[in-house]
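Going by the numbering used here, the first residue of the sequence shown is number 7, and it counts up by one from there. Even for Gly, the Cβ is constructed at its ideal location relative to N, Cα and C. Note that this is a predicted model, so its numbers are computed, not measured.
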Amino acid sequence: MDTQRIIAEATLGPSFPLPYDLPFTTAQAKAAGISTRTLTLLTKEGILRRPIKSVYVATDLGDSLRLRADCLRLVTPEDAVIVDRHAGWLHGATMVLRPNEHLELRPVSMFLPSGRGRLRNGLAASGERNFGPGDVVELHGLQVTSPLRTAWDLGRVRWTDEAIAALDAMLRLEVFTLEELLAGIERFRGMRWVTTLRAIAPLADGRAESPGESVLRLRCVEARLKGMVPQVEVYRGETLVARLDLADVAIMLAAEYDGAEWHTSPEQREHDRQRRKEAEKLGWLVKPFTKEHVFGRTRECDRMLHEAAREARARRGLRVLW
7 MDTQRIIAEA TLGPSFPLPY DLPFTTAQAK AAGISTRTLT LLTKEGILRR PIKSVYVATD
67 LGDSLRLRAD CLRLVTPEDA VIVDRHAGWL HGATMVLRPN EHLELRPVSM FLPSGRGRLR
127 NGLAASGERN FGPGDVVELH GLQVTSPLRT AWDLGRVRWT DEAIAALDAM LRLEVFTLEE
187 LLAGIERFRG MRWVTTLRAI APLADGRAES PGESVLRLRC VEARLKGMVP QVEVYRGETL
247 VARLDLADVA IMLAAEYDGA EWHTSPEQRE HDRQRRKEAE KLGWLVKPFT KEHVFGRTRE
307 CDRMLHEAAR EARARRGLRV LW
């Protein structure tokens, strides 16, 4: 294998001793004569990537549900069920993964049916779980919890921020309704963190486009700004001039989450400035929020929301509530 040629051409090519279009494990690479040092070098150069621990794939193959399934099949026992965030990831809800989780190479969530014990290896976050009829589906040759069961599981966590972001992402798939989500909650009565699911599920909304937007909406609820809804379109005549992350149409107040991924380049910042300017010309008050405002230790979000609501209501001659 000509490692230097691969690096120079930025692609694996025919000299690579394993099939180019399939993922492979560290063990398979070693058997084919590829050293750990070479794997590390090719990963550092961006020619390979590791979607999950101990599995490599050519970066220029991109991403797809089929490719994810091929990766998982390499490390998943036949009787294991993929659950929680990795089940959501397989179903297409990529945002259920925690920030940079694909880089941290956390173990895959793989559980066995009750009474079967747990998987004991470094690749699996495992245990036993009760599965009812319809809870497990086959997806690309893998046993995976259904989208609805995955949502119920992702909502039963300690932290409400994590729950709202995951439930929004699962609803965004549009394969089950909010009513179906709510109808099944009581089957988990008495189980760990079901109180979080009960509290957060009624707030879930598939229109949210990022975890930051989901949590910002939760902050609005916590601050008693109940009129804020996702993805409000603003028109000048028949022309769409802006789509606002969260907005209360009655008082023309908008809150937007400026996450690092989509709001940091000069072009992105200029786009944000222009569309917010157009909305403000039509009477909107638009307030941006960053990660530090929403998630930081000081949590300025509540104060900022109340100040914005006071200003928006005063502009329209309405009684100030805070």
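Check, Outcome
"One or two residues paired with P236 in a DSSP bridge", "L252"
"Secondary structure of R242, DSSP reduced to three states", "strand"
"Touch test, the region 145-154 against the region 206-217, Cβ-Cβ under 8 Å, three pairs minimum", "no"
"Reduced DSSP secondary structure (H/G/I, E/B, other) of D308", "helix"
"Short Cβ contact (8 Å threshold) for L47 with A38", "no"
"Backbone CA spacing between P57 and V63 [nearest angstrom]", "8 Å"
"Any 3 or more C-beta pairs closer than 8 Å across the region 132-142 and the region 82-95", "yes"
"Cβ-based neighbour list, K297, same chain, cut-off 6 Å, excluding 5 preceding and 5 following", "none"
"Close-in-space but distant-in-sequence residues of the same chain around T44 (CB under 7 Å, 5 per side omitted)", "T9"
"Sequence-distant residues of the same chain with beta carbon closer than 7 Å to R162, five excluded per side", "F194, M197, R198, W199, V200, T202, L203"
"Opposing strand residues paired with R55 [DSSP bridges]", "V63"
"DSSP three-state assignment for P294, whether helix, strand or coil", "strand"
"Close beta carbons around E306, own chain, < 7 Å, minus the five adjacent residues each side", "H299"
"For P119, the three-state DSSP class (helix, strand or coil)", "strand"
"Spatial distance of E51 from R249 (CA atoms)", "38 Å"
"Residues of its chain near R164, where Cβ-Cβ distance is below 8 Å and the 5 sequence neighbours each way are ignored", "W199, T202"
"Nearest to G98 (by Cα), restricted to the options T65, R316, M176, T32", "M176"
"Helix, strand or coil at E168 according to DSSP, with G and I counted as helix", "helix"
"Extent of the continuous alpha helix (DSSP H) to which E259 belongs", "Looking at the sequence itself, residue 259 is Leu, so the reference to Glu does not match. Careful: L259 lies outside any alpha helix (DSSP H), inside the beta strand (DSSP E) at 259-263."
"Spatial distance of L222 from E180 (CA atoms)", "22 Å"
"Limits of the unbroken alpha helix (DSSP H) element including T201", "200-206"
"C-alpha distance - E219 paired with E244, whole-angstrom precision", "27 Å"
"Other residues of its chain near L184: CB distance less than 7 Å, five sequence neighbours each side excluded", "L177, A210"
"First through last residue of the alpha helix (DSSP H) which encompasses E228", "217-228"
"Helix, strand or coil at I88 according to DSSP, with G and I counted as helix", "strand"
"M234 and L252 closer than 8 Å at C-beta", "yes"
"CB contact check: P236 to chain B, cutoff 8 Å", "Checking the listed chains, one finds no chain B in this structure; it contains a single protein chain."
"Distance, T17 Cα to A261 Cα", "43 Å"
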